[in-house]
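Worksheet: the structure to be examined is printed underneath.
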Amino acid sequence: MKAQKLRENRVKLHAKMTKFIDEHERENGTLSGEDSAIYDKMEAEMNELTAALERQERSEKMDAILNKATSAPLVSKPEATDAVNAEKAGRFSDQYRKDMLTALRTDFRNVSDVLYEGSDANGGYLVPDEYDKRLIEGLEEENIMRALGTRITTSGEHKINIAATKPAASWIEEGGALTFGEATFDQIVLDAHKLHVAIKVTEELLYDSAFNLETYIINAFTKALANAEESAFLTGNGTGKPKGVLLDAETGVTTKYTDKIVADEIIDLVYSLKRPYRKNASFILNDSTLAAVRKLKDGNGVYMWQPALTAGETDRLFGYPVRTSQFAPEIEAASKAIGFGDFSYYNIGDRGTRSMAKLTELFAGNGMVGFVMKERVDGKLVLPEAVKTLKMKEA
Numbered sequence: 001m002k003a004q005k006l007r008e009n010r011v012k013l014h015a016k017m018t019k020f021i022d023e024h025e026r027e028n029g030t031l032s033g034e035d036s037a038i039y040d041k042m043e044a045e046m047n048e049l050t051a052a053l054e055r056q057e058r059s060e061k062m063d064a065i066l067n068k069a070t071s072a073p074l075v076s077k078p079e080a081t082d083a084v085n086a087e088k089a090g091r092f093s094d095q096y097r098k099d100m101l102t103a104l105r106t107d108f109r110n111v112s113d114v115l116y117e118g119s120d121a122n123g124g125y126l127v128p129d130e131y132d133k134r135l136i137e138g139l140e141e142e143n144i145m146r147a148l149g150t151r152i153t154t155s156g157e158h159k160i161n162i163a164a165t166k167p168a169a170s171w172i173e174e175g176g177a178l179t180f181g182e183a184t185f186d187q188i189v190l191d192a193h194k195l196h197v198a199i200k201v202t203e204e205l206l207y208d209s210a211f212n213l214e215t216y217i218i219n220a221f222t223k224a225l226a227n228a229e230e231s232a233f234l235t236g237n238g239t240g241k242p243k244g245v246l247l248d249a250e251t252g253v254t255t256k257y258t259d260k261i262v263a264d265e266i267i268d269l270v271y272s273l274k275r276p277y278r279k280n281a282s283f284i285l286n287d288s289t290l291a292a293v294r295k296l297k298d299g300n301g302v303y304m305w306q307p308a309l310t311a312g313e314t315d316r317l318f319g320y321p322v323r324t325s326q327f328a329p330e331i332e333a334a335s336k337a338i339g340f341g342d343f344s345y346y347n348i349g350d351r352g353t354r355s356m357a358k359l360t361e362l363f364a365g366n367g368m369v370g371f372v373m374k375e376r377v378d379g380k381l382v383l384p385e386a387v388k389t390l391k392m393k394e395a
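1 is the number of the first residue of the sequence shown in our numbering; add one for each residue after it.
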């Protein structure tokens, strides 16, 4: 398998890089100009291999998703006892899926009665459940926060109860009076922020039955939605979008330098997190930050970063899984460069289902047809103490 070969090459290169550092590093921890250039070249190769591996893994997972068996077809309009069940049953049907493709390719002139079962109030069409399921799966592979966080499907404003303070036990003398503490509670509200993605396709592609329009649209929407979601789930300000996990997370360590991280600060970050949360903890950081910490060693001289050896495993930093995101902050003054904690306490609320609509006449003059997909989603860290951040020193 290509992914496994790439994984093996990364492990070999990592061993080569660590050996090079051990043999050429000077007493003050630096490299000569010539050695630094050689190491930088190896590091660039490591970054290329990592990107290639991630790309190949995504491709293989998407192939597996798209090749999954479909549910049993329904050849007629579904019957149900109420409108809600009718809509749900209709979107599960194979006929609905086929009719959606027919509608796309016929400029929505040929819309069946089955397809109208999924029509929404704004003139769009609810995505068939088979499409919607595969889109969700694609988001889980592309979006690290959907894989790490807790996803909740909501039909309205969703309130999460939080124990703000807990009762404490106290010693009393025999016959002494009881003391009563007051436990307080709070609520986190998951609302719904609208996210949309629009694409244009040529009429030639739309009407060309040889072109796999279904896969093209799913892939394009998946990547666009995943990028926008992940950015908001990590660093969103909560205004018109979800509030990012790094904003509400508590600061565990503030670095000594504005532009550099040292090994002890990674160790301090790990132990700034309460022990119960460390059981399911992982790191989130930018690729550029990972490149900076890749050379760090612990007190025993062992490199803190270790590459994954087999499929399904993740790279590890100080023994904990590490995830990288282009949307995580880079190393710069006052930035929260690393997040560490149990990210399942970040709750993602999906409101309802996605809908898709055709943009009529907007691109008619240049032979293009537009489509837009909409979703409503929110995200919040419900327990700030479950995630700690490494914050760079202010300038």
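Where is the CB? At the ideal position from N, CA and C, for every residue including glycine.
In the displayed model, V302 falls within coil according to three-state DSSP, outside both helix and strand. Taking the CA atoms as reference points, A357 sits about 9 Å from V127. The Cβ atoms of D287 and T324 lie closer than 7 Å to each other. Judged by their CB atoms, K380 and K159 are not nearer to each other than the 7 Å cut-off. Here V197 is near A224, since their CB atoms are less than 7 Å apart. Here V369 is buried, its C-beta having at least 16 other C-beta atoms within 10 Å.
Under a 10 Å Cβ-count criterion, Y277 is classified as buried, with 16 or more other Cβ atoms of the shown protein chains found around its own Cβ.
Beta-bridge analysis with DSSP links M356 to Y125 and M373. Annotation for Y216: the continuous alpha helix (DSSP H) segment containing it runs L213 to T235. Selection E54, R58, N47 and M17 evaluated against I38 yields M17 as nearest (Cα-Cα). For E250, the uninterrupted beta strand (DSSP E) segment begins and ends at E250 to T254. Counted as a single uninterrupted DSSP element, the beta strand (DSSP E) harbouring L285 occupies residues S282 to L285. By the neighbour-count definition (other C-beta atoms within 10 Å, threshold 16), V245 is a buried residue.
When C-alpha distances from N237 are compared across A333, D378 and V372, the shortest belongs to D378.
Counting the other CB atoms within 10 Å of its CB gives I172 a total below 16, which places it among the exposed residues. In the three-state scheme derived from DSSP, where H, G and I count as helix and E and B as strand, Y346 is classed as strand.
DSSP places F20 in the helix class (H, G or I) of the three-state scheme. If you draw a straight line from the Cα of Y345 to the Cα of G301, it comes to about 34 Å. Bridge pairing for G341: S282 and V387 [DSSP]. The C-alpha of E361 is placed about 48 Å away from the C-alpha of A291. For a cut-off of 8 Å, the C-beta gap from G341 to K279 is around 11 Å, too long to register as a contact. For R146, no beta strand (DSSP E) run applies; the uninterrupted alpha helix (DSSP H) run containing it begins and ends at I144 to L148, by DSSP. I218 and T153 have their C-alpha atoms some 21 Å from each other. It is roughly 13 Å from the alpha-carbon of G33 to the alpha-carbon of I21.
In the DSSP assignment, P321 forms a beta bridge with R316. Between P307 and H14, the C-beta spacing is below 7 Å. For the pair E230 and F327, the CB atoms are nearer than the 7 Å cut-off.
When DSSP states are grouped into helix, strand and coil, T102 belongs to the helix group. T251 sits away from L135, with the two beta carbons spaced by 7 Å or more. Distance from the CA atom of R58 to the CA atom of E142, rounded to whole angstroms, is 7 Å. A337 places its beta carbon less than 7 Å from that of L390. The shortest C-alpha to C-alpha distance from S155 to any of I199, D350 and L206 is the one to D350. Relative to the Cα of M373, the nearest Cα in the group D94, R354 and G299 belongs to R354. Considering only D186, L6, G124 and V322, the residue with the shortest C-alpha distance to V382 is D186. A distance of 7 Å or more separates the beta carbons of G319 and E203. V253 is positioned such that its CB atom lies closer than 7 Å to that of D268.
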